[in-house]
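Throughout the sequence shown, residue numbering follows our numbering, covering 2 to 181 in sequence.
All residues carry an ideal CB built from backbone N, CA and C; glycine is no exception.
These numbers were taken from a predicted model, which means no experiment stands behind them.
Take a look at the structure set out below.
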Amino acid sequence: MSHRTCSRREFLAVAAVLLTACGQRPRNQPLPDWMLTPDNAEDPDLVRDMLVIQDLLVRHGEIRREVQHYSYGIRATTTSPAADLAARIREHVDQMRSRLRRGAAIRQEDPLFAAVFAHHQAVDLQVERLPGGVRVTEVSDDPVTVMLLRQHAVHAVSEFVAGGIDRARQPTPLPPGYPG
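Set out below in C-alpha cells:
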C-alpha cells in the first residue's frame with residue numbers, strides 16, 4: 002500500500018467535501034486550492050458558490066449532461082432525476098451566470114477559467130429552466146471566445162460531471178490553437 006502525505010489545506014478541503022456529502026457544514030471551512038483566486042479573496046459570494054459546486058461534484062454520478070456544438074457556441078443540457086440536485090444545478094447556473102456578467106472570476110489558477118473570465122464580456126449566456134435542471138446556451142461573435150466556450154463545456158464542466166472532485170482538482174488546458 003502506498004501512502005502520500007498531504008498539506009493541512011488539502012486535508013481540510015477533503016474534510017469539508019466529506020462533511021458536505023454527509024449533509025453537515027463545517028465551520029470556517031477552507032477553500033480548496035482549485036477554487037482559490039488571489040484577485041477575489043474578498044469575494045463575499047465565493048464560499049456560498051463553492052458549497053454549491055462541492056455538492057454537485059460529490060453527487061456527480063446523479064447528473065446527466067449533453068452538449069451540442071454550433072459555429073457560434075454551445076448548448077448544454079444538465080439534469081438530474083433527483084429534485085434537490087436539479088435545484089442545485091439551477092442554483093449553480095444562476096450563480097455562474099451572475100459571476101460571468103460581473104467578471105467575478107473563479108478558478109483563476111486554471112488556465113481555461115482565467116481565459117473565459119478574461120473574455121466574459123464577449124459571452125451571451127441564456128438559461129432555460131427544465132423540469133430536471135437547465136439548458137444553457139452560450140454564444141459569442143468572437144471566434145476565440147467560442148473556442149473557450151467549447152473547451153469549458155466539454156473539457157471542464159462535462160468532465161467534472163463525469164469525474165467529480167478528482168477531475169475538478171486538475172487544471173483545464175486551453176483549447177488547441179488558442180492564440181492567447
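Under the Cβ criterion (8 Å, minimum of three pairs), the stretch 159-177 does not count as touching the stretch 128-135. The continuous stretches of alpha helix (DSSP H) do not include R108, and DSSP gives it neither H nor E.
The shortest C-alpha to C-alpha distance from D56 to any of P144, R100, S72 and F161 is the one to F161. Within the same chain, T80 come within 6 Å of R65 by CB-CB distance, once the 5 residues on both sides are set aside. Here G74 is buried, its C-beta having at least 16 other C-beta atoms within 10 Å. C-alpha of S72 to C-alpha of M148: approximately 10 Å in a straight line. Linking Y179 to H153 through their CA atoms gives a straight-line distance of about 13 Å. Scanning its chain for C-beta atoms nearer than 6 Å, with the 5 sequence neighbours on each side dropped, one finds around D125 the residues V140, in chain order. In the structure shown, D50 falls within a helical segment according to DSSP collapsed to helix, strand and coil. In this structure V128 is not in contact with V158, their Cβ atoms being roughly 14 Å apart against a cut-off of 8 Å. E92 and A84 have their alpha carbons spaced roughly 12 Å apart.
Rounded to whole angstroms, L58 and I107 show a C-alpha spacing of 16 Å. Of the residues assessed, R103 falls on the exposed side of the cut-off, its CB having fewer than 16 other CB atoms within 10 angstroms. Y179 has no beta-bridge partner at all, per DSSP. For A77, the enclosing beta strand (DSSP E) has its first and last residue at G74 to T80.
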